[in-house]
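**Student:**
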Ligand code: NAP
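In our numbering, the protein residues as written are 1 to 320.
Here you go:
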């Protein structure tokens, strides 16, 4: 099978932890180049700027953006304008209007734009969606808690406007929720806790509603020490569904599916599925851009009440 040349833009934590191994092992793509300010990947051609890559390597047809959301749009637009297919890390942009612009441009140009949601590819998610399809959902409780110092070491951008703060991980929960619920859901209110030295929240409580009395709550915390606590419990007329370990383990009455993390908490098996999906979309000449998770975050910011809390300090952050 011929491998499709791909380039990665932004070689940071998620590129190294997940994208590089998924590309190397997936059998669909070949990492032909990187765009990196910090040197890129050993033995792979690196460009200091995306423009330089687009000009020098017309044969690289797919660009995968692993940069922070605040700088994603400009690069993605340039890549589409240069006729390249584009894959976006989550969240697909710093704002909804950016993403709509990219969606329209990809459509005009007949290019594939894939706004990825890696958590939707966790082991338990497809089963959860299938189980819920004929149930009446009554309530949802999300707890999404992790230690930002462990999962986002040294990342200044996450505390700057557009970096989402605690909603950077929480949007993963929202991506799962919007994938598995058989009905729509919308935000009704939020309390957003902002450290006095940060532009984004470190914790939040969000409430939601849906049709026929459906209610949901999300308790989000970025200062949770120990293994991450990424769980969702959904009460239905057929009993309780729980997704734990970020969607890796599904439990419904009488059944439990998924191996879980064992002693290594994190993301397992999701990124190979993203690259398989990208290969499928390319072959089919399609795009996939679902902005519902980002809409829920935007609405939490729009409806949320701001509360100031203690400053955030982290020795890995030079600029705090
Ligand atoms: P990161 O470690 O900070 O890496 C981002 C990389 O983007 C940087 O290392 C840098 O790479 C490049 N970059 C370009 N412009 C930048 C700028 N203005 N500020 C900072 N970096 C810039 O972040 P990450 O954790 O990989 O997250 C990147 C994206 O992946 C985010 O949207 C995040 O939500 C998503 N994600 C992260 C995780 C996770 O566990 N960390 C999991 C899933 C998804 P170069 O030095 O190569 O230029």
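For every residue, glycine included, the Cβ atom is placed at its ideal position computed from N, Cα and C.
1. Can you have a look at residue 183 and say buried or exposed, based on whether 16 or more other CB atoms are within 10 angstroms of its CB?
2. Residue 152 and residue 134 - do their beta-carbons sit closer together than 9 angstroms?
3. Relative to the alpha-carbon of residue 311, which residue among 193, 13, 116 and 2 has its alpha-carbon at the smallest distance?
4. When the Cα of residue 44 is compared with those of 51, 20, 95 and 62, which residue comes out closest?
5. Tell me, please, which residues DSSP counts as bridged to residue 114.
6. Could you check whether the Cβ of residue 297 sits closer than 8 angstroms to any heavy atom belonging to the ligand NAP?
7. Starting from the Cα of residue 124, find the closest Cα among 316, 255 and 100 and give me that residue.
8. First and last residue of the alpha helix (DSSP H) that includes residue 171?
9. For residue 395, count the other beta carbons within 10 Å of its own beta carbon; 16 or more makes it buried, fewer makes it exposed. Which is it?
10. In three-state terms, what does DSSP make of residue 132?
11. If residue 234 sits next to residue 140, beta carbons under 8 angstroms apart, how far is it from one beta carbon to the other, in whole angstroms?
12. In the DSSP output, which residue or residues are listed as bridge partners for residue 206?
**Tutor:** On the basis of the supplied data:
1. If you number the chain shown from 1, residue 183 lands on position 183. So residue 183 counts as exposed.
2. Locating residue 134 in the chain shown gives position 134, where the first residue counts as 1. Locating residue 152 in the chain shown gives position 152, where the first residue counts as 1. Their beta carbons are not under 9 angstroms apart, which means residue 134 does not touch residue 152 by this criterion.
3. Counting from 1 along the chain shown, the entry for residue 311 is found at position 311. For residue 311, the nearest C-alpha among the options comes from 193.
4. Counting from one through the chain shown, the residue named residue 44 turns up at place 44. Nearest of 51, 20, 95 and 62 to residue 44, Cα basis: 20.
5. Here residue 114 is taken as the residue at index 114 of the chain shown, counted from 1. The partner list for residue 114 (beta bridge, DSSP) reads 87 and 288.
6. In the chain shown, counting from the first residue as 1, residue 297 sits at position 297. The answer is no for residue 297.
7. Reading the chain shown from its first residue, position 124 is the one you call residue 124. The option with the nearest alpha carbon to residue 124 is 255.
8. Within the chain shown, residue 171 is the residue found at index 171, counting from 1. 167–180 is the span of the alpha helix (DSSP H), which, as asked, contains residue 171.
9. As shown, the chain starts at 1 and ends at 320. That puts residue 395 outside it, with no answer to give.
10. If you number the chain shown from 1, residue 132 lands on position 132. DSSP places residue 132 in helix when its eight states are reduced to three.
11. Your numbering for residue 234 matches position 234 in the chain shown. Your numbering for residue 140 matches position 140 in the chain shown. Confirmed, about 5 angstroms.
12. Position 206 of the chain shown, counted from the first residue, corresponds to residue 206. Bridge partners of residue 206: 190 and 218.
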